[in-house]
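Contents: one structure, followed by commentary.
2 protein chains.
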Amino acid sequence: MVVSEEHVLVKVAGVFVANTGEAPEETGPVVFLESEAKRILPIYIGVSEAFSIQTAMDNTPYPRPLTHDLFISVLENNGFRIEKIIIDDISEGVFFSRLIISKNGNPSEFDARPSDCIALSVRTSAPVYVSSKVMEQASVEKNDYTVE
Amino acid sequence: MVVSEEHVLVKVAGVFVANTGEAPEETGPVVFLESEAKRILPIYIGVSEAFSIQTAMDNTPYPRPLTHDLFISVLENNGFRIEKIIIDDISEGVFFSRLIISKNGNPSEFDARPSDCIALSVRTSAPVYVSSKVMEQASVEKNDYTVE
């Protein structure tokens, strides 16, 4: 669903392990964001953020609160909710995003890494938007992406 | 400094790599908490939490906000401060701690992993306390601990 000309709603399709370099053994986690138009935005993320996203998606709670679980507890206990995530820039392969939270209808916005934003969104079902500009620059056709 | 009979103030002495198993190659990060009585409480933590603690201790900001940086930004921007950290239980080698934050003098408390608490405390200079019971069970004499 295109919510504006500038932003596209995406869903978190999953966390995978992908090749990150020339050598076959150079691998790292990647999260796939998928638009309704079946385009995939792959974002390379850290191992612990990948674990945090996967744990929340699997709905299998870790015995102790992960950082993002604690983060959500503190926010929700104090009446805040996560309004949305916007991934709206990319520079030299690094994605930039914003976390928008609100309390009593008053939003505030924070510069954040997409991996943290996604880990928070999958715990709260907050919508994730990607700017059309970033989708044009960095997304691929779903069918063109091979998972080995 | 002993602030009460039950709790001891500690400082974060540093993050190191320690042996975690039988084999020499089994290593993992450990954070050392040191009391005024020169006792060390070693707590094994995750790699990304170790990186987060070390980055903050070195005062060398990462180009993008780490999870704990974002956490602190959200708290401080909304008028919260981190009052203190209390590590007060250990069960089967797992430490339990509480994060105490406050706004306008009203404290609230959250179940959290020590690694997250320590990563937040080193960014804000919030004091870290360990229960005397935990110190008795799990701390060692500083001079007895060898760093290879």
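Chains as they are written, first to last, in the working numbering: chain A, 710 to 857; chain B, 710 to 857. All C-beta atoms in this analysis are idealised placements derived from N, C-alpha and C, irrespective of residue type, glycine included.
Could you tell me whether the Cβ atoms of residue i and residue j are closer together than 8 Å?
i                      : j                      : result
residue 822 of chain A : residue 773 of chain B : yes
residue 727 of chain A : residue 739 of chain A : yes
residue 811 of chain B : residue 790 of chain B : yes
residue 837 of chain A : residue 809 of chain A : no
residue 753 of chain A : residue 729 of chain A : yes
residue 776 of chain B : residue 764 of chain A : no
residue 835 of chain A : residue 785 of chain A : no
residue 825 of chain A : residue 743 of chain A : no
residue 725 of chain A : residue 782 of chain B : no
Tell me, which residues are paired with residue i by DSSP?
i                      : result
residue 812 of chain B : B:815
residue 828 of chain A : Beta-bridge pairing links residue 828 of chain A to no other residue.
residue 823 of chain A : According to DSSP, residue 823 of chain A bridges with nothing at all.
residue 833 of chain B : Answer by DSSP bridge pairing: none, since residue 833 of chain B is not bridged.
residue 850 of chain A : A:748
residue 738 of chain A : A:726
So for residue i, helix, strand or coil by DSSP?
i                      : result
residue 758 of chain B : helix
residue 747 of chain B : coil
residue 790 of chain B : strand
residue 784 of chain A : helix
residue 729 of chain A : coil
residue 775 of chain B : coil
residue 654 of chain B : Since the displayed chain B opens at 710 and closes at 857, residue 654 of chain B lies outside it and no answer follows.
residue 861 of chain A : Nothing in the structure corresponds to residue 861 of chain A, since chain A is present only between 710 and 857.
residue 722 of chain A : strand
residue 845 of chain B : helix
residue 753 of chain A : strand
residue 838 of chain B : strand
Just the Cα atoms here: how many angstroms apart are residue i and residue j?
i                      : j                      : result
residue 797 of chain B : residue 741 of chain B : 16 Å
residue 749 of chain A : residue 851 of chain A : 5 Å
residue 716 of chain B : residue 841 of chain B : 5 Å
residue 723 of chain A : residue 799 of chain B : 35 Å
residue 814 of chain B : residue 746 of chain A : 50 Å
residue 827 of chain B : residue 780 of chain A : 14 Å
residue 830 of chain A : residue 845 of chain A : 23 Å
residue 760 of chain A : residue 805 of chain A : 20 Å
residue 771 of chain B : residue 721 of chain B : 20 Å
residue 766 of chain B : residue 839 of chain B : 20 Å
residue 755 of chain A : residue 816 of chain B : 33 Å
residue 778 of chain A : residue 734 of chain B : 31 Å
residue 762 of chain B : residue 769 of chain B : 11 Å
residue 847 of chain B : residue 732 of chain B : 22 Å
residue 849 of chain B : residue 801 of chain B : 17 Å
residue 843 of chain A : residue 853 of chain A : 18 Å
residue 751 of chain B : residue 751 of chain A : 38 Å
residue 788 of chain A : residue 787 of chain B : 11 Å
residue 803 of chain A : residue 803 of chain B : 35 Å
Counting only Cβ pairs nearer than 9 Å, list the residues of chain B close to residue i.
i                      : result
residue 773 of chain A : 803, 805, 820, 821, 822
residue 786 of chain A : 817, 819
By the criterion of Cβ-Cβ separation under 8 Å, what are the contact partners of residue i in chain B?
i                      : result
residue 808 of chain A : 779, 783
residue 755 of chain A : 757
Mind pulling the chain A residues with CB within less than 7 Å of residue i?
i                      : result
residue 825 of chain B : 776, 779
For a contact defined as C-beta to C-beta under 9 Å, what are the partners of residue i on chain A?
i                      : result
residue 814 of chain B : By Cβ distance, chain A contributes nothing, its closest Cβ being about 14 Å from residue 814 of chain B, past 9 Å.
For residue i, verify whether its CB is less than 7 Å away from any heavy atom of the ligand COA.
i                      : result
residue 748 of chain A : Of the ligands one can find in the structure shown there are none, so the ligand COA has no counterpart to examine.
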